[in-house]
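Residues in the sequence shown are numbered from 2 upward in steps of one, following our numbering.
Working notes, structure below.
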Amino acid sequence: MEESLKLEKRQSLRNNEYYTMQSIFDNLYNQSSNNKKLNKLVEYITSKNNILLAYRNIKKNKGSTTSGTDNLDISFFKDMETDKFVERIQNKIANYIPKSIRRVEIPKPNGKTRPLGIPCIEDRIIQQCIKQVLEPVCEAKFHKHNYGFRPHRSTKHAIARCMTLMNQGKLHYVVDIDIKGFFDNVNHSKLKKQMWNLGIQDKNLISIIEKILKSEIQGIGIPTKGTPQGGVISPLLSNIVLNELDWWISSQWETFKTKYQYSKSDYRYVAQKKTNLKEMWLVRYADDFKIFCRDYKTAQKIYNATRLWLKERLDLDISPEKSKITNLRRNYTEFLGFKLMVKPKRKKYVCQSRMCDKAKKNTINKLKEQIKKIQKQGNSNEVSRLNSMILGSHNYYNSATYISLDFNKINFLVTKTLKIRLKQWISNNPKCSETYERFYGNYKGKIRTIYNITIFPIYGCRTKPPMNFSQDICNYTKLGREKIHKNLRGYKHLIKYLLRTVNENNTAEFDDNKISLIAGQQGKCYITGLDLEIGNMKCHHKKQKCDGGTDEYKNLVWVDGEAHKLIHSSKLETINKYLGLLSLDEKGLKRVNSLRKLVGNSVI
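Written as structure tokens, this is what we have:
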């Protein structure tokens with residue numbers, strides 16, 4: 002799972018580069034870093050390449066097939082000509098009136114529900130266009146210990162930071178502040194002012210965002226406050242709201258401005274400890290945040306000050322029953338599904354972390370529910386889903402120091418259900434799949450197979466200490482990108498050429514997929530394996546459009562000019578000519594014949 006997330010992050014950068022938006026995003030980041038006022042952002046938002054990039058990013062999202070109140074999903078734009086699609090989005094932004102939002106209630110573990118707002122697909126594409134341009138502007142201004150809904154940051158980084166403050170910082174008091182209904186209570190006027198203060202001073206853009214915030218919610222009406230969870234741009238807007246809080250807390254200690262300029266921050270912290278300043282360190286993930294302190298008296302003052310600041314500056318209330326001060330030497334504090342405290346070890350206190358009780362209970366219930374589905378539906382797909390749930394839980398919670406004990410308990414309870422409900426299908430097969438060997442080959446427990454799929458061991462989770470986020474990783478600097486992925490080589494010029502030569506008669510789907518495909522084939526011909534050349538390459542439809550073929554990714558293949566002619570040739574003389582030119586091996590000839598059959602030609 003971690004590897005797939007890395008690939009996704011790398012892919013998002015490649016997408017930026019494909020559509021030549023990276024230099025624009027870099028420039029916006031640089032201007033924002035230098036506190037420049039940005040008042041022409043709508044020009045970038047409505048640019049053709051930014052719209053095509055938004056389409057690509059939305060299409061890859063799992064939610065792209067979810068429809069809004071107009072009952073349309075991403076497939077609505079599938080066969081639309083590229084220029085018509087771009088013009089449609091540009092016109093919509095120029096006279097923006099969002100459609101109503103579909104409201105969905107998602108059940109929470111405590112029995113309550115969380116409201117989600119699902120905008121219509123066209124509005125989602127527009128929100129993605131805005132997000133792509135605003136993100137580099139905001140990234141330059143966000144606090145480094147805000148880890149939620151930001152590029153390359155994750156819950157693991159937030160947990161790692163907490164553990165560092167507890168272990169190395171020896172900060173054993175923590176202030177937990179729970180904002181009451183944060184997403185439902187964001188003040189729209191305050192948010193617009195915060196955007197303006199960040200340097201986002203394009204009045205047209207702020208007007209569009211105001212319309213997004215005031216989009217009618219089906220069955221509820223027009224909201225006067227709050228950002229609906231489920232919108233593409235909502236996480237970014239929520240980070241803008243709480244960014245002011247991050248910097249206020251940070252300015253009390255971590256980034257406190259002193260008269261004397263110290264060469265190292267460590268020297269400054271030593272000097273600050275001799276003053277009356279209150280030591281505090283923030284870790285935030287979305288609206289869930291912790292403030293670490295050295296003693297109870299300081300924690301109490303910070304608790305009261307933060308509560309008042311949230312009310313006065315952001316008009317947000319806290320939940321008194323969920324907000325508290327915790328002595329980490331005596332009690333656990335919960336954060337993002339983990340519970341953490343410090344315990345004595347070799348004359349010092351060390352952080353010990355586990356799954357929180359609620360997370361453990363939820364994991365047990367989810368696995369048991371999936372076992373019931375296997376019993377009812379009885380197919381290999383549901384067994385594979387059980388495996389993906391086990392692997393996903395292991396990957397998320399393996400940061401905890403005592404995670405093996407937690408999963409041993411989960412294993413005991415879930416395996417009982419597994420043996421009772423699926424007894425007749427379980428095969429105690431000592432042979433295990435290749436995937437099992439790769440992830441769990443070191444475990445010597447009992448191997449169980451259902452429908453020829455080896456079930457992953459629930460107890461098979463070992464601690465993998467989380468690493469702190471490397472702060473020089475950034476999508477919008479050359480050095481930052483070098484740390485994320487190696488630059489594309491060999492076929493970058495082909496992608497640039499394709500972007501410059503878009504055919505207005507092509508569909509948006511075809512133009513998007515052929516760019517993905519040339520990267521997928523690494524700029525090489527599917528038949529010969531040689532590098533493709535501009536002016537001598539073709540994106541071939543395996544099943545021809547006249548025969549009902551589509552512009553789907555799986556129906557396309559890049560080949561060089563001669564190979565393309567060989568696929569379509571029916572005269573023996575022409576076939577022999579191109580066979581001589583290509584000098585195909587057995588694999589190449591097999592591929593040519595498979596493509597020839599699909600277009601109705603005989604096998605060579």
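Cβ coordinates follow ideal geometry from the N, Cα and C atoms, glycine included.
Between the CA atoms of residue j and residue i - distance to the nearest angstrom
i    : j    : result
K374 : I411 : 19 Å
E313 : R422 : 56 Å
L42  : L206 : 7 Å
I326 : Y297 : 8 Å
Q444 : Q378 : One point to set straight first is that residue 444 is Tyr, not Gln, in the sequence displayed. Cα to Cα, the separation comes out at about 29 Å.
M356 : D289 : 17 Å
S34  : T21  : 21 Å
Q425 : S434 : 21 Å
E136 : K546 : 39 Å
Y30  : N198 : 15 Å
F506 : N72  : One detail in the question is off: residue 506 reads as Asn in this sequence, not Phe. Approximately 27 Å between the Cα atoms of the pair.
M2   : S381 : Because the pLDDT at M2 is just 46, under 50, the model does not fix this residue reliably, and the value given afterwards should be weighed accordingly. Roughly 20 Å separates the two Cα atoms.
L278 : Q262 : 17 Å
S190 : I221 : 21 Å
Sequence-distant residues of the same chain with beta carbon closer than 6 Å to residue i, five excluded per side
i    : result
R103 : G69, T70, I119, Q219
I210 : none
K465 : N399
E587 : none
Residue i and residue j closer than 8 Å at C-beta
i    : j    : result
V384 : I427 : no
F78  : F86  : yes
Y554 : Q523 : no
L580 : L567 : yes
N188 : K226 : yes
L596 : K543 : yes
Q195 : E140 : no
S394 : P467 : no
I485 : A520 : no
K132 : V242 : no
I25  : Y45  : yes
I516 : G589 : no
F339 : I459 : no
T416 : K369 : no
C540 : F336 : no
P236 : F150 : yes
D552 : E483 : no
M390 : Q371 : yes
8 Å CB neighbourhood of residue i in its chain, flanking five on each side removed
i    : result
T259 : R269, A272, Q273
E534 : D561
Y437 : I448, T455, F457
Y174 : F293, C294, R295, D296, Y297, T299, A300, I326, T327, N328, L329
D318 : I180, K181, N186, L311, K312
Y148 : R154, S155, T156, H158, A159, R162, V284, R285, Y286, F470
F143 : R151, N240, N244, D247
L518 : C540, Y554, L557, V558, W559
S405 : Y460, C462, R463, T464
L39  : L29, Q32, S33, V138, G200, I201, Q202, D203
K60  : I75, D513
K598 : V604
Candidates the options: closest to residue i by CA position
i    : options               : result
T307 : D179, F86, W559, N443 : D179
K367 : R386, S381, N380      : R386
N58  : E44, D124, C130, I98  : C130
K578 : L414, H565, E587      : H565
G549 : T402, V600, L573      : V600
I94  : K100, T47, M81        : T47
N62  : Y97, E370, P224, G231 : G231
Y498 : I404, Y441, M538      : M538
K432 : N453, P116, K37       : N453
L192 : L238, K591, R115, I90 : L238
T66  : I303, I122, T83       : I122
Q23  : I221, V134, D80       : V134
Residue-level contact to chain D via CB, residue i, 8 Å cutoff
i    : result
I427 : Of the protein chains in this structure there is only one, and it is not chain D.
Contacting residues, own chain, Cβ-Cβ under 7 Å from residue i (five flanking each side not counted)
i    : result
L582 : E563
I223 : K215, E217
I1   : The structure shown does not extend to residue 1, since the chain is modelled only from 2 through 605, so no value can be given for it.
G442 : none
M81  : T508, A509
- prompt: Counting pairs of Cβ atoms below 8 Å between the region 167–186 and the region 355–375, do you hit three or more?
  reply: Three or more beta-carbon pairs separated by less than 8 Å are not found between the region 167–186 and the region 355–375, which leaves the two stretches without contact.
message: I'd like to know if the region 308–323 and the region 268–287 are in contact, where contact means that at least 3 CB-CB pairs between them fall below 8 Å.
response: Not touching, per the Cβ criterion.
- prompt: With contact counted as at least three CB pairs below 8 Å, one residue from each stretch, are the region 154–173 and the region 241–258 in contact?
  reply: Touching, no.
query: Using 8 Å as the threshold, is the region 350–358 in touch with the region 166–175, meaning 3 or more CB pairs across them?
result: With a cut-off of 8 Å, the region 166–175 and the region 350–358 count as touching, because enough Cβ pairs lie within range.
query: Is there contact between the region 42–55 and the region 465–482, where contact requires at least three CB pairs shorter than 8 Å?
result: The region 42–55 vs the region 465–482: no contact.
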